[in-house]
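From first to last, the protein sequence lines are chains A and B.
For what it's worth, my numbering labels the leading residue of the first sequence as 1, then goes sequentially.
For what it's worth, my numbering labels the leading residue of the second sequence as 1001, then goes sequentially.
Each residue gets a CB set at the ideal place from its N, CA and C atoms; glycine is no exception.
Here the structure is a predicted model, which is why all the values come from computation and not from measurement.
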Amino acid sequence: NAGVTQTPKFRILKIGQSMTLQCTQDMNHNYMYWYRQDPGMGLKLIYYSVGAGITDKGEVPNGYNVSRSTTEDFPLRLELAAPSQTSVYFCASSYGGRGGDEKLFFGSGTQLSVL
Amino acid sequence: QKEVEQDPGPLSVPEGAIVSLNCTYSNSAFQYFMWYRQYSRKGPELLMYTYSSGNKEDGRFTAQVDKSSKYISLFIRDSQPSDSATYLCAMKAYSGAGSYQLTFGKGTKLSVIP
């Protein structure tokens, strides 16, 4: 199994450009998440989805959008890139939902620089 | 005061040493406690998971939770160079409607020197 696959691995954007970070999982997990990880700041939840067609905001959603048309895919859209969005982005999925014993499976990340 | 505090390190130890990694927290509603390991340029992976106070052992790793002190630890015995990674603590509190909110520490970067 491939698990959680993210593309691209690296990207440089100019201020104001747009892009979509792709995430797909082959574990038939209902729950999917997008996190950002800034140096020394830990992981912050951007958006999450509990199933196809259902999404909700996390802790830091401003400047991002998501969609969930299928169980497998959960793309993250940046509409007007800003330097503050320079970060490493991780997609994750889980089978048990947001319950206490839920285990997250993470992708390898997308390193994004906005210049 | 931040909900979860974790010393970012870096921590450097010789091979074979016992490593102690720690997190403190302020939210008494946290019920589940996890340790994730993150290798360079990789996503985090779940290493240990505990629910109650006390110790949980898995091979060379021991997770310890002290709810009365709001303190959790991860011990690594006989540390190996392959243990070199960033270790993130994570905690969950019930947020209603059957859901839990997950909060991560900032991570401690560990280097095990051969």
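6 Å CB neighbourhood of residue i in its chain, flanking five on each side removed
{"i": "T2 of chain A", "result": "According to the sequence displayed, residue 2 of chain A carries Ala and not Thr. If we look at A2 of chain A and ignore the five residues flanking it on each side, its Cβ neighbours are D26."}
{"i": "T1086 of chain B", "result": "Q1038, G1107 and K1109"}
{"i": "Y1049 of chain B", "result": "M1034"}
Cβ-based burial, residue i [other Cβ within 10 Å; buried from 16]
{"i": "Q1006 of chain B", "result": "buried"}
{"i": "E1057 of chain B", "result": "exposed"}
{"i": "G16 of chain A", "result": "exposed"}
{"i": "G1107 of chain B", "result": "buried"}
{"i": "F106 of chain A", "result": "buried"}
{"i": "A1029 of chain B", "result": "exposed"}
{"i": "R36 of chain A", "result": "buried"}
{"i": "Y1039 of chain B", "result": "exposed"}
{"i": "Y48 of chain A", "result": "buried"}
{"i": "E102 of chain A", "result": "buried"}
{"i": "L21 of chain A", "result": "buried"}
For residue i, the residue or residues it bridges with in DSSP
{"i": "K44 of chain A", "result": "A:R36"}
{"i": "L1112 of chain B", "result": "Strictly speaking, residue 1112 of chain B in this sequence is Val, with Leu absent from that position. The partner list for V1112 of chain B (beta bridge, DSSP) reads B:V1013."}
{"i": "Y1100 of chain B", "result": "B:Y1094"}
{"i": "T117 of chain A", "result": "This structure does not reach residue 117 of chain A, given that chain A is present from 1 up to 115, and the question cannot be answered."}
{"i": "V1065 of chain B", "result": "B:G1054 and B:I1072"}
Cβ neighbours of residue i in the same chain (closer than 7 Å, five flanking residues each side left out)
{"i": "G1016 of chain B", "result": "D1078 and S1079"}
{"i": "P1010 of chain B", "result": "K1109 and S1111"}
Cβ-based neighbour list, residue i, same chain, cut-off 8 Å, excluding 5 preceding and 5 following
{"i": "S1095 of chain B", "result": "Q1101"}
Short CB-CB distance (under 9 Å) between residue i and chain C
{"i": "P1008 of chain B", "result": "Absent from the structure is chain C; the protein chains it does hold are A and B."}
| field | Near-chain B residues of the stretch 25–59 of chain A - C-beta to any C-beta below 7 Å | value | Going along the stretch 25–59 of chain A in chain order, one finds G40, M41, G42 and L43 with a Cβ nearer than 7 Å to chain B.
| query | Listed in chain order, which residues of the stretch 1032–1048 of chain B have Cβ atoms closer than 9 Å to some Cβ of chain A? | reply | Against chain A - using a Cβ distance shorter than 9 Å - the residues of the stretch 1032–1048 of chain B are Y1032, M1034, Y1036, Q1038, R1041, K1042, G1043, P1044, E1045 and L1046.
| Contact set between the stretch 99–114 of chain A and chain B, restricted to residues whose Cβ is under 9 Å from the partner | G99, G100, D101, E102, K103, L104, F105, F106, G107, S108, G109 and Q111
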